[in-house]
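Take a look at the structure set out below.
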Amino acid sequence: MALLSISILALAVGPLVFQVFALSRKWLRLLDGFLFVAVGWIACGEILPGAMERAGPLVLLSMMMGLVLPFLAERLFHHQKVHRAAALAAMAGLFLHALTDGAWLAHADQGFGVHLAAGVLIHRIPMGLAIWWIVRPNFGVSAALWMLGTIACGSVLGFSLGQNLEQGFTSFWLEHFQSLVAGSLLHVMIHPSGSHDHSHESHHSDHHDHCCPSQAHQPWYEGAGNILAVIFLLSLGHWQNFAFNGGHSDHGHDHGSIDIWPAFLELALDTAPALLLAYAIGGFATIFLKDSYMNWLGQGRTWQQSLKGILIGLPLPICSCGVVPLYQTLIKKGAPPSAAIAFLIATPELGIDAILISIPLLDVPMTLLRLLGALVVAFAVAIIVGTLIAREQKPTKDDQVKVTSSSSSKPKSWQENMRAGLKEGFVDLVDHTGPWILFGLFLASAIGPVLNTHYQDIAGQPWEVLIFALLGLPIYVCASGATPLVAVFLANGVSPGAALAFLLTGPATNITTYGVVAKLHGRRAAVALGACAALASMVLGYVVNAYLGDISRPSQGVESHEHGWLSYGSLAILAVVFGISAFKQGARSYLREVFIPHHH
């Protein structure tokens, strides 16, 4: 009972902290940045991982519905009404979260110590702050107080029901509902809340003024709040592990810390060296790439341009996230769409490193099929999508003027070119592609552990190739990293065609790729890219199963490989570069680059 009382009192501390910070606009910006990250963690780090653990990866679709549908509804209905409805759905999710918190507290209360009590206290204060932050601007002070009381009652109810409530909360549909409201919580968090009604109190306009000009004079306060929130959440995780003697397996919060972060770190280490190289090449290519090279790419017919893009990209050991800055540079320099798309698809599908690791893990026949499949998919996608982009986006007079003026500008010294290349690669490119890369890695980290435990349910089914091709579309996995994963699939009964489909769509496409293509060429081009890649991979997969279904399989899976100083050093540099980018923009603007890519 003592832990329950502490948790309820902690809810009341949140509004008091908010009122103190509200005395200064700068401190309020700091708190706004802190809450933005904290609320995002409640949705993505606590509610969603637990739902995925119990109901599988399909809950991600429910989460995306909760996130995207309010944005679509705002185009049809009253903007403010839709946002308030999303806020109500988010509060419903926090109420369910409070019920499960109360049930867990009933178990932990019997033998708690001072460390556990402190852990509960610092865990619930951000929730109280979040409720005050979301409800008060939309519904007023009275509604915010009422919601805090409702959350407290939910904790008491969960505490009273205890284990009976936990058993009842394993419903498949309930997990999807919680994921839906987690998406609504993300919508409220990312939403341009400068449109909120702040007429109740004068400092409300300061609370959500990130859409106002005043934000331009205070960009660092929100970023500082973001960093403080990250430090707080990391410290909270270590504190809870210490207080719970290694973690309490029944508590839903632990799912995120156990499953997501090791996978995220593994993917980040896999990606870091190639991504660092890609930003360097992308930046310097913008400065030093000669127009004659672009002219060579543009010579010939569409199929010839596509082959040139494949020829350049296929041997490079660069991942699907790392190729994005290079693709953006090619487009900026005027490369033909077919050559650029071929480069975008072929580069991450296979490299020298992936070929070398495929031979011992997948055997020679599967490696040859992988190489042939990469060529076919890249060529087909480049022909179709490149032609679509070329028809819809023809060069404008402004583009011609820009090219002419750039070619006739005064030559710069090599020192000036070096500085310009570094700025282009590690500032401008990072600002535009960094949010997508982080989002893609986080999504892959969330899906990967669940996929490893659920893939046997669909192995051997007629739709197996279709499912594995579609699974590879949104997630990030580099060509080298996909190889041991597919070796595990094959060793556990997945058909060669399904494995090939995943090998082709997984490294070649992900949420980062679609986002950048949509931003540069429109959503139609992004949809066509995913559809063509999936269709070509599925056709190849079914052909392989029909004619080469008895191909040799690896005898056993392979564990994740160790990383050396290059991976850790590259990741450290990227962490600093990405951190500066997020710090100067603020996490809200950083993530709105993903969810509302045309908001600039």
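With UniProt numbering as the guide, the letters of the sequence shown map in order to residues 1 to 600. For glycine and all other residues, C-beta sits at the position ideal for the given N, C-alpha and C.
Among residues of its own chain, excluding the 5 on either side of residue i, which ones have a beta-carbon nearer than 6 angstroms to its beta-carbon?
i, result
"THR347", "GLY313, LEU316, ILE318 and VAL323"
"GLY434", "PHE578 and SER581"
"HIS187", "LEU67, PRO70 and ALA86"
"ALA374", "GLU349 and LEU350"
"residue 627", "The requested residue 627 does not occur in the structure, where the chain is confined to residues 1 to 600."
"GLN585", "none"
"GLY102", "SER155, GLY158 and PHE159"
"GLY472", "PHE502, THR505 and GLY506"
"ALA92", "VAL181"
"PRO15", "TRP132"
Excluding the 5 residues flanking residue i on each side, which residues of the same chain have their C-beta closer than 7 angstroms to its C-beta?
i, result
"ALA339", "LEU297, GLN305, SER306, LYS308 and GLY309"
"LEU96", "GLN178"
"ILE573", "LEU276"
"ALA143", "VAL135"
"THR404", "Caution is warranted here: a pLDDT of 43 is assigned to THR404, below 50, making its placement in the model unreliable, and no coordinate value can be reported."
"ALA268", "LEU441 and LEU571"
"CYS532", "ALA380, VAL381, ILE384 and VAL385"
"LEU11", "ARG124, MET127, GLY128, LEU148, ILE151 and ALA152"
"ALA272", "SER567, SER570, LEU571 and LEU574"
"LEU330", "ALA340 and PHE343"
"LEU429", "TYR279, GLY282, GLY283, PRO325 and GLN328"
"ALA98", "ILE151, GLY154, SER155 and GLY158"
CA-CA distance, residue i and residue j?
i, j, result
"GLY530", "ILE125", "42 angstroms"
"SER199", "LEU28", "With a pLDDT of 38 at SER199, under the threshold of 50, the modelled position of that residue is not reliable, and no figure is offered here."
"LEU520", "MET64", "23 angstroms"
"residue 601", "SER413", "Because the chain here runs from 1 to 600, residue 601 falls outside it and cannot be looked at."
"LEU504", "ALA278", "21 angstroms"
"residue 601", "TYR568", "What the structure shows of the chain is the stretch from 1 to 600, and residue 601 is not part of that stretch, so it cannot be assessed."
"HIS432", "LEU58", "29 angstroms"
"ALA528", "LEU180", "27 angstroms"
"LYS423", "GLY283", "7 angstroms"
"ALA90", "THR100", "16 angstroms"
"VAL13", "PHE232", "17 angstroms"
"ASN138", "TRP173", "29 angstroms"
"THR387", "LEU372", "23 angstroms"
"GLU416", "VAL377", "40 angstroms"
"residue 603", "ALA55", "Only positions 1 to 600 of the chain appear in this structure, which leaves residue 603 out of reach."
"THR483", "GLY45", "28 angstroms"
"LEU485", "VAL364", "17 angstroms"
"ILE281", "ILE6", "54 angstroms"
"GLU175", "LYS332", "44 angstroms"
"ARG84", "TYR514", "30 angstroms"
"ARG301", "ALA469", "30 angstroms"
"GLN299", "PRO337", "12 angstroms"
"ILE437", "GLU53", "24 angstroms"
"GLU201", "LEU9", "Low confidence applies here, because GLU201 scores a pLDDT of 41, under 50, leaving its location unreliable and the question unanswered by this model."
"HIS563", "GLY493", "29 angstroms"
"THR367", "TRP303", "25 angstroms"
Measure the beta-carbon distance from residue i to residue j and round it to whole angstroms, keeping in mind my assumption that it falls under 8 angstroms.
i, j, result
"TRP220", "PHE583", "7 angstroms"
"LEU369", "LEU500", "6 angstroms"
"PRO325", "GLY425", "7 angstroms"
"MET189", "VAL39", "5 angstroms"
Short of 8 angstroms in beta carbon distance, which residues of its chain neighbour residue i, apart from the five on each side in sequence? Order them along the chain.
i, result
"LEU30", "PHE21, TYR221, GLU222, ALA224, GLY225 and LEU228"
"ASN545", "VAL465, SER495, PRO496, GLY497 and ALA498"
"LEU35", "PRO126, LEU129, ALA130, TRP133, GLY225 and ALA229"
"TYR542", "VAL465 and GLY497"
"ALA525", "VAL385, LEU388, ILE389, GLU392, VAL517 and ALA518"
"PHE18", "LEU31, LEU129, TRP132 and TRP133"
"VAL37", "GLY225, ASN226, ALA229, VAL230, LEU233 and ALA587"
Counting only C-beta atoms, is residue i closer than 8 angstroms to chain B at any point?
i, result
"GLY586", "You won't find chain B in this structure, because it holds only one protein chain."
Under the criterion of a Cβ to heavy atom distance below 7 angstroms, does residue i qualify as lining the ligand FAD?
i, result
"SER570", "Ligands in the displayed structure: none, and consequently the ligand FAD is not present."
Cβ contact (3+ pairs, closer than 8 angstroms) linking the segment 528 to 537 and the segment 378 to 389:
yes
Would you call the segment 507 to 517 and the segment 540 to 551 touching, i.e. three or more CB-CB distances under 8 angstroms?
no
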